[in-house]
């Protein structure tokens, strides 16, 4: 009956309309704006689907209605839709009502608590990528996956479908290594250290990172202080084949695009299930042909994962899904007792990284140590060091300058913007915070430091942020400077000072 | 911390932009289209919220981005948004990033399986009505209510919030009666019969009905053949105060507007939980100040409610929620063995109704009987008839012509388009279907009849549909005409014939 209805609609209700090309973005969903009268003729309503055809090219769009901006006989389509049709302004197109794709039925099954097969999850992810599913329908999928949960099978199917529906970068290497930190710790910029050491050891490590969404800096924001991070697919292939590594922003290339759309829909509710997180991380790794992956899960009271038990659950999930999709994944737990490194904010974090390679006296030892430990573990996994000797090997690569040379080789391939740590400019408005008594620093509140850096302007103001002069467990005397605050405007500096006065991030006892 | 962040954003990131007025509708959500550069300056992304202010007027909009159609310094806003700001094209407005309303947190709680308080449900429904919630967020609410279910308390809070956030029509009457059928049965046009009898008995019955969404005719589609159904709030008040009744399309007035938005979001998934259905029906009744309500639940294998057990569940829910919101509701179960009445499709159903009032020989007895029984029950509930004597009283009002006079009084007040049943034109393309053998009609498949009428063009083609010459349990001889098919085009007639040949709706044994 369903099918018959479709045939009926296809053959009977069809209009010839002229394109009115509109230039704005409507998320990923393609919207076709019809005059209300034409919408009536097609027997469609706002939110229904139409098929728009121009010769052999065909797109599915969601109907929106206009009373007069779009005239009778016109269809408003945005730039991407017009390109996909190989049309132009005023081209004639054929428009007809269309039924929902099968994927809508599968989403309904998920809403009703059913488990979805590989085929069904693939259909949903394809529908996200080819725009045949509307934002409302994708939201139902995300919401029902969140509430009803995803089984191990479903999570694996989802991961596979997500990378298979996007570009896959392939390199001239059998072993492609990668690392990922699930985040939630201020500073903690281990990526450049690990990439440099791994590549220096001869491993291929095409690292893509994200920009900040809610934190004072994402790895891509930090790297952008040092070099270009928006790099085309061809340039990535060239740079990695030449230097073995790269450190780019993942948003430029279309890797696992369904994942980006799902993240866009999760964003307003700030929800993120463990299953969705694991699928998202591992799909991105498969998109760059990764086969050996190190996952860093920081555990701490003020981090994303609060305790060992939660961490173990996430670890099991990473391991199970990795096994199913053919990834060798090692999960390590790290302690998140406070920020890692001294700088918080793009420029300040970039300076920390350069100082570590330079062996600068102020280089943060905690960040260096964490970077070396993770890099060492990766060397062991990829058989570049014997078990138990990875750290030693990583340290050697750092100390003898090979990691530093590799790091600059990659930076230069990506268009380096600086040549050493003293080139990095920090916000011109600054203030110092001093210890209110003698004692030992027992805790630096990760969450409060991050928030203060954001109020000061990070990540948008790259030179804004916080610089920790004293680290955890160090002794301080009254009136000694414990941290510095930087901003690019006096107003933001004052806001941040006000916030810090109400929310003291240093606990001295 | 949340609050401080808000203060920070309010005071620092603000742009003065000029309105570019756009004329199209984007559902209920207000969208503000920013040039990508301005979106960056405000540190907002697609889907984030902005506050748009012009003097004392202020709206919340969801951000969309444009590369060049909206220039730097402009903000694209649609007609409704510009009106709400009391602005015009090129007016200057102040735009700033805004945080999500508390309602978003309550929706997240519902996603996480929590029960929501009255205050929280009210905040969500207010957010739907004042457009401060985006389509994605409302979808999360609908999806999580569907998957996690709504408790009795939550359903009652939802019902109350829905009618309290819309217009409430008040009439000069202590008792306002109403009826509702949950649908799923072809034909079954009892509303005009019940309204006429109840009003003739002196009861106030301001009946609003819906148009078809998936069926071959909604009550409003049928009534539109006879009179005007799109009537303003003031005219409804005047007509009901004058005649005691009306029969209008509910879409013209803003009764329980949140309900309309929720239905819009349910539509693509074709989901409808019992709780949502009960809240929707009862909120609309409270919106017209109804206090005595009769609910008709047809039960049958091919109807919406398949068996008595499901029916009982729905009945309990109607009764519980009615009690909590101060409605006297009576639920009756009716048998749905097949279509009710002879005509299926707007004009054919309208003709059936007029013929019943006229006492025409072809008037469908089953529809007349059902109408009289339901009207009788309503007379008893409203104390216009003793218990057990309602049917007799309803029949008297029908037979002595008072119901007929009242019916025409209301039709005329609504601008009658016809004066008797022979004025009603039926589709000019027609064909007859004959019995393939002697026997008794055991079943007329409700679902197949409805689908065939839709393929023939109903409800858009008002004169299209099916007319049942022979009803259930009647004896037929081979080659006797059992039903007729009508359409407004030869093409649609042939499609419907093809469908009927593959899906025979008459079972003769």
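Chains as they are written, first to last, in this note's numbering: chain D, 8 to 516; chain X, 8 to 516. Even glycine gets a Cβ: it sits at the ideal position worked out from N, Cα and C.
Rounded to whole angstroms, what is the Cα-Cα separation between residue i and residue j?
i, j, result
"residue 414 of chain X", "residue 199 of chain X", "7 Å"
"residue 438 of chain X", "residue 409 of chain X", "37 Å"
"residue 389 of chain X", "residue 171 of chain X", "25 Å"
"residue 381 of chain X", "residue 359 of chain X", "17 Å"
"residue 113 of chain X", "residue 131 of chain X", "7 Å"
"residue 95 of chain X", "residue 102 of chain X", "16 Å"
"residue 55 of chain X", "residue 368 of chain D", "43 Å"
"residue 468 of chain D", "residue 503 of chain D", "13 Å"
"residue 28 of chain X", "residue 93 of chain X", "12 Å"
"residue 71 of chain D", "residue 47 of chain D", "12 Å"
"residue 500 of chain D", "residue 460 of chain D", "10 Å"
"residue 235 of chain D", "residue 416 of chain D", "13 Å"
For the beta strand (DSSP E) containing residue i, list its first residue and its last residue.
i, result
"residue 211 of chain X", "Taken as a continuous stretch (DSSP letters only), residue 211 of chain X belongs to no beta strand (DSSP E), as it is neither H nor E."
"residue 57 of chain D", "56-61"
"residue 272 of chain D", "Where residue 272 of chain D is concerned, there is no enclosing beta strand (DSSP E), although the alpha helix (DSSP H) it sits in stretches over 264-273."
"residue 21 of chain X", "21-29"
"residue 41 of chain X", "38-42"
"residue 72 of chain X", "64-73"
Can you say whether residue i is buried or exposed, counting buried as having 16 or more other CB atoms within 10 angstroms of its CB?
i, result
"residue 15 of chain X", "Caution applies to residue 15 of chain X, whose pLDDT of 32 falls short of 50 and renders its modelled position unreliable; the model cannot decide the point."
"residue 391 of chain D", "buried"
"residue 353 of chain D", "buried"
"residue 166 of chain D", "buried"
"residue 254 of chain D", "buried"
"residue 117 of chain X", "buried"
"residue 377 of chain D", "buried"
"residue 491 of chain D", "buried"
Can you find a CB in chain D that lies within less than 9 Å of the CB of residue i?
i, result
"residue 18 of chain X", "Model confidence at residue 18 of chain X stands at a pLDDT of 39, short of 50, so the residue's coordinates are unreliable; what they give is reported in the following sentence. Yes, residue 18 of chain X counts as interfacial toward chain D."
"residue 153 of chain X", "yes"
"residue 275 of chain X", "yes"
"residue 334 of chain X", "no"
"residue 50 of chain X", "yes"
"residue 8 of chain X", "Any reading at residue 8 of chain X needs caution, since the residue's pLDDT is 22, under 50, leaving its predicted position unreliable; the model's value is listed next. So yes, residue 8 of chain X belongs to the interface."
"residue 272 of chain X", "yes"
"residue 146 of chain X", "yes"
"residue 150 of chain X", "yes"
"residue 143 of chain X", "yes"
"residue 55 of chain X", "yes"
"residue 115 of chain X", "yes"
"residue 389 of chain X", "no"
"residue 91 of chain X", "no"
"residue 3 of chain X", "No statement about residue 3 of chain X is possible, as the shown extent of chain X runs from 8 to 516 and does not include it."
"residue 107 of chain X", "yes"
Less than 9 Å between CB atoms is the rule here; does residue i satisfy it with respect to chain X?
i, result
"residue 409 of chain D", "no"
"residue 111 of chain D", "yes"
"residue 278 of chain D", "yes"
"residue 467 of chain D", "yes"
"residue 259 of chain D", "no"
"residue 208 of chain D", "no"
"residue 315 of chain D", "no"
"residue 237 of chain D", "no"
"residue 118 of chain D", "yes"
"residue 434 of chain D", "no"
"residue 452 of chain D", "no"
"residue 76 of chain D", "yes"
"residue 29 of chain D", "yes"
Just reading off the alpha helix (DSSP H) that residue i is part of, what are its end residues?
i, result
"residue 137 of chain X", "Element bounds for residue 137 of chain X: n/a, residue is neither H nor E."
"residue 254 of chain D", "Unbroken run through residue 254 of chain D is the beta strand (DSSP E), 252-256; no alpha helix (DSSP H)."
"residue 85 of chain X", "That residue, residue 85 of chain X, is in no alpha helix (DSSP H); its beta strand (DSSP E) goes 81-85."
"residue 413 of chain D", "409-420"
The segment 451-458 of chain D in contact with the segment 299-315 of chain D per 3-pair CB rule at 8 Å: yes
The segment 175-195 of chain X in contact with the segment 152-162 of chain X per 3-pair CB rule at 8 Å: no
Contact between the segment 268-288 of chain X and the segment 173-184 of chain X (3+ Cβ pairs under 8 Å): no
Touching by the beta-carbon criterion (3+ pairs, under 8 Å), the segment 200-215 of chain D and the segment 252-267 of chain D: yes
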